[in-house]
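K.L.:
Numbering (the working numbering), first residue to last: 2 to 467. Ideal Cβ positions, reconstructed from N, Cα and C, are used throughout, including at glycine. It should be emphasised that the depicted structure is a prediction, and the values quoted were computed from it without experimental measurement.
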RNA sequence: GGCGCGGUAGCCAAGUGGUAAGGCAAAGGUCUGCAAAACCUUUAUUCGUCGGUUCGAUUCCGACCCGCGCCUCCA
């Protein structure tokens, strides 16, 4: 089977191939940097990360643009409240966002682009839309006239035909000619940041930045455009209207949308006290890998119920996989290899690939890894996992971690150098040999206090950091 | 009201027209000087409810109930 994605546009699972050469042109909606991003945002960004990694694992090159929305009403309001310029204000949260991404091991897009760096490009685009009769001006603001775009509603599958025809309202009373029209360019307001451009002073509306930056860096037709489900309407619908009016070409071939995250079965809201940023969770002592695992473990098209029990479970689940990986790397294995084991390793790796190929079914992909770990552990116990079986198993887990990226511990735990630890272990081994178990246990406890966990195995002592 | 997503064991969660993956938790066991790790066994005769189609439905159809999202700037 080949790679398939559910396309919001067609409401079907479709086979995916990039349109040109071997590179995927991917655009994803990034954060609006008016405060710290919350875990709901990171659910979507984690999905994008898994998407990136799986596209690459599938043999494709990546050309990915993610925008940073650094001008909007909230930003203008908050910056003014703090008596900062827009740039000063957004720099803080842009930096915070990048740090959070690094914490969660989210890859950075090839092009990370800011709206405010593309004001001139947006003005150009709006001028072209105006030349094409797609806009009108009202009180100094420029609006997109939806009546000029017949395909409006094709992404969100809303039928606006009834709404649009003859829905003219009094222009003196309403600034927009039609309720569905949206601002491309907003007239400057007293005391608000604005830019002088070829279409006059003002600032861009929300939707235009994505169309302009996507087309500028990736061309007129994207392979994939992705974001959260809440963006389907109106944001992405409006992007389509603008872009396709501009180019006459299909804006994006595939539209992928991540479902919402809930917290303890409820929607996340500041008023409910269940609103968490990544920093909140790290501050509570949860490991970034556990958060990453939890966010990635539920397939992106299912809403994800984020719970602290779940986070705890995620931490334990990772531990299990890490224990297996450690054993795989250190176990003394019998000579030769077992053909059946080799076949099962191959089958597990294939199951992993098949799962992710199927619209990124991460839950099933994880199951393949866990089932394999159990199988291989049993085989090792039974002496049916030979030295020749190791390489393929290691390769499978590398393939696993190239996508999930949860096996390597993070944090500043490399305090004590290994040789010192090894020396203590040797000391304990001597004590054990002399059957001085009290002394051996004492050393083990001391190491444990340093965050070093010892495991006695048939093939010697294995240790790991907590 | 319109559009969309979902309701599966204590929790998280996959899945298929043919009789329920995986993880966590819990209990018992094996191994071990003791631990740890690992492995084994047990935990859904049942997949929101009610009908229908079918030899057979959790999976298809219909109705209903519940949760969530969007319907003018929220991932």
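Residue ranges of each beta strand (DSSP E) run of no fewer than 3 residues wholly in the stretch 50-114, ordered along the chain?
P.N.:
Fully enclosed beta strand (DSSP E) runs of 3 or longer: 62-69.
K.L.:
Let's see if you can read the secondary structure: which residues bound the alpha helix (DSSP H) around residue 382?
P.N.:
In the first chain, counting from the first residue as 1, residue 382 sits at position 381. Unbroken alpha helix (DSSP H) run through residue 382: 363-382.
K.L.:
Counting only the same chain and skipping the five closest in sequence on each side, list residues whose C-beta sits under 7 angstroms from that of residue 250.
P.N.:
Locating residue 250 in the first chain gives position 249, counting from the first residue. If we look at residue 250 and ignore the five residues flanking it on each side, its Cβ neighbours are 221, 222.
K.L.:
Using only alpha-carbon positions, find the residue among 466, 149, 338 that is nearest to residue 179.
P.N.:
Position 178 of the first chain holds residue 179. Selected option, being the one with the closest Cα: 149.
K.L.:
Any idea which residues DSSP pairs residue 226 with across the strands?
P.N.:
Here the question's residue 226 lines up with position 225 in the first chain. Its beta-bridge partners are 28, 256.
K.L.:
Here's the rule: buried if 16 or more other CB atoms are within 10 angstroms of the residue's CB, otherwise exposed. What is residue 34?
P.N.:
Numbered from its first residue, the first chain carries residue 34 at position 33. Burial call: buried.
K.L.:
Using a Cβ-Cβ cutoff of less than 8 angstroms, which residues in the same chain neighbour residue 349 once the five nearest sequence positions on both sides are dropped?
P.N.:
Stepping through the first chain from its first residue, residue 349 is reached at position 348. Taken in chain order, the residues that qualify are 369, 370, 372, 373, 376, 397.
K.L.:
In whole angstroms, what is the alpha-carbon distance linking residue 324 and residue 119?
P.N.:
Mapped onto the first chain, residue 324 falls at position 323. Mapped onto the first chain, residue 119 falls at position 118. So the alpha carbons of these two residues sit roughly 49 angstroms apart.
K.L.:
Please go through the same chain and pick out, in chain order, the residues whose beta-carbon is closer than 8 angstroms to the beta-carbon of residue 12, but skip the five residues on each side of it.
P.N.:
Locating residue 12 in the first chain gives position 11, counting from the first residue. Closer than 8 angstroms at the Cβ level, and outside the excluded window around residue 12, lie 158.
K.L.:
Tell me the DSSP secondary structure of residue 6 in three-state form.
P.N.:
Taking the first chain and counting its residues from 1, the one referred to as residue 6 is at position 5. Strand.
K.L.:
Enumerate in chain order the residues of its own chain whose CB-to-CB distance from residue 232 is below 8 angstroms, with the five nearest sequence positions on each side excluded.
P.N.:
Position 231 of the first chain, counting from 1, holds the residue named residue 232. Taken in chain order, the residues that qualify are 30, 258.
K.L.:
According to the Cβ coordinates, are residue 145 and residue 185 closer than 7 angstroms?
P.N.:
Position 144 of the first chain, counted from the start, is the residue given in the question as residue 145. Position 184 of the first chain, counted from the start, is the residue given in the question as residue 185. Yes, Cβ-Cβ distance for residue 145 and residue 185 is below 7 angstroms.
K.L.:
Indicate the three-state DSSP secondary structure (helix, strand or coil) for residue 187 in the structure shown.
P.N.:
Translated into positions along the first chain, residue 187 becomes position 186. Note: residue 187 maps to strand in three-state DSSP.
K.L.:
Exposed or buried, residue 317, counting other C-beta atoms within 10 Å across all chains shown (16 or more means buried)?
P.N.:
For this step, residue 317 is matched to residue 316 along the first chain. Answer is exposed; the Cβ neighbour count stays below 16.
K.L.:
Check the DSSP bridge columns for residue 268 and list the partner residues they point to.
P.N.:
Here residue 268 refers to the residue found at position 267 when the first chain is read from its first residue. DSSP, once it has assigned bridges, lists 263 as partnering residue 268.
K.L.:
My assumption, with CB atoms under 8 angstroms, is that residue 183 sits in contact with residue 230. Please give the rounded CB distance.
P.N.:
The sequence position of residue 183 within the first chain is 182, counting from 1. The sequence position of residue 230 within the first chain is 229, counting from 1. The Cβ separation is near 19 angstroms, so there is no contact.
K.L.:
Locate the alpha helix (DSSP H) running through residue 248, then write down its first and last residues.
P.N.:
Stepping through the first chain from its first residue, residue 248 is reached at position 247. Where residue 248 is concerned, the enclosing alpha helix (DSSP H) stretches over 238-248.
K.L.:
Can you tell me whether DSSP reads residue 306 as helix, strand or coil?
P.N.:
As a first step, residue 306 is located in the first chain; it is residue number 305 there, counting from the start. Strand.
K.L.:
Does the beta-carbon distance from residue 24 to residue 256 come in below 7 angstroms?
P.N.:
The residue you call residue 24 lines up with position 23 of the first chain. The residue you call residue 256 lines up with position 255 of the first chain. Result no, Cβ atoms of residue 24 and residue 256 do not sit closer than 7 angstroms.
K.L.:
Taking the alpha carbon of residue 80 as the reference point, which residue from 90, 72, 71 has its own alpha carbon closest?
P.N.:
As a working mapping, residue 80 is identified with position 79 in the first chain. Measuring from the Cα of residue 80, the nearest candidate turns out to be 90.
K.L.:
Just the C-alpha distance for residue 78 and residue 188, rounded to the nearest angstrom, thanks.
P.N.:
Taking the first chain and counting its residues from 1, one reaches residue 78 at position 77. Taking the first chain and counting its residues from 1, one reaches residue 188 at position 187. Roughly 16 angstroms separates the two Cα atoms.
K.L.:
Would you mind giving the Cβ-Cβ distance between residue 490 and residue 461, rounded to the nearest angstrom? I have them listed as a contact below 8 angstroms.
P.N.:
Residue 490 lies beyond the stretch modelled for the chain, which goes from 2 to 467, so this question has no answer here.
K.L.:
Using the Cα positions of residue 483 and residue 293, report the straight-line distance between them to the nearest angstrom.
P.N.:
Outside the displayed span of the chain (2 to 467) sits residue 483, for which this structure offers no information.
K.L.:
Between the C-alpha atoms of residue 270 and residue 276, what's the straight-line distance to the nearest angstrom?
P.N.:
Here the question's residue 270 lines up with position 269 in the first chain. Here the question's residue 276 lines up with position 275 in the first chain. Between residue 270 and residue 276, the C-alpha separation is close to 5 angstroms.
K.L.:
What are the start and end residues of the beta strand (DSSP E) that includes residue 284?
P.N.:
Reading the first chain from its first residue, position 283 is the one you call residue 284. Unbroken run through residue 284 is the alpha helix (DSSP H), 279-284; no beta strand (DSSP E).
K.L.:
So residue 213 and residue 122 are in contact, right, with Cβ under 8 angstroms, and what is the actual spacing, rounded?
P.N.:
Counted from its first residue, the first chain places residue 213 at position 212. Counted from its first residue, the first chain places residue 122 at position 121. About 5 angstroms; that satisfies the 8 angstroms criterion.
K.L.:
Can you tell which of 20, 224, 247, 298 has its C-alpha closest to the C-alpha of residue 45?
P.N.:
For this step, residue 45 is matched to residue 44 along the first chain. Looking at the Cα atoms, 298 is the closest of the given residues.
K.L.:
Could you tell me the distance, in whole angstroms, from the CA atom of residue 226 to the CA atom of residue 467?
P.N.:
Translated into positions along the first chain, residue 226 becomes position 225. Translated into positions along the first chain, residue 467 becomes position 466. Cα to Cα, the separation comes out at about 40 angstroms.
K.L.:
If I'm right that residue 296 touches residue 305 with Cβ under 8 angstroms, what's the distance once you round it to whole angstroms?
P.N.:
Residue mapping note: residue 296 aligns to position 295 of the first chain, counting from 1. Residue mapping note: residue 305 aligns to position 304 of the first chain, counting from 1. So it is a contact: roughly 7 angstroms between Cβ atoms.
K.L.:
Any idea what DSSP makes of residue 408, helix, strand or coil?
P.N.:
Start at 1 with the first residue of the first chain, and residue 408 comes out as number 407. Residue 408 falls in the coil class under three-state DSSP.
K.L.:
Return the bridge partner residues of residue 465 from the DSSP annotation.
P.N.:
On the first chain, residue 465 is found 464 positions in, with the first residue counted as 1. Looking at the DSSP assignment, residue 465 forms a beta bridge with 454.
K.L.:
Once DSSP output is grouped into helix, strand and coil, what is the label at residue 39?
P.N.:
The count along the first chain starts at 1 and reaches residue 39 at position 38. Strand at residue 39.
K.L.:
To the nearest whole angstrom, what separates the beta carbons of residue 218 and residue 14, a pair I think is in contact under 8 angstroms?
P.N.:
Position 217 of the first chain, counted from the first residue, corresponds to residue 218. Position 13 of the first chain, counted from the first residue, corresponds to residue 14. Their Cβ separation, rounded to whole angstroms, is 28 angstroms, which puts residue 218 and residue 14 out of contact at 8 angstroms.
K.L.:
Locate the beta strand (DSSP E) running through residue 201, then write down its first and last residues.
P.N.:
Position 200 of the first chain, counted from the start, is the residue given in the question as residue 201. Its beta strand (DSSP E) spans residues 201-205.
K.L.:
Start and end of the beta strand (DSSP E) containing residue 198?
P.N.:
As a position in the first chain, residue 198 is number 197, starting the count at 1. Counting along the chain, the beta strand (DSSP E) containing residue 198 begins and ends at 196-198.
K.L.:
Determine the DSSP secondary structure at residue 347, reduced to helix, strand or coil.
P.N.:
Translated into positions along the first chain, residue 347 becomes position 346. Residue 347: helix per DSSP, three-state reduction.
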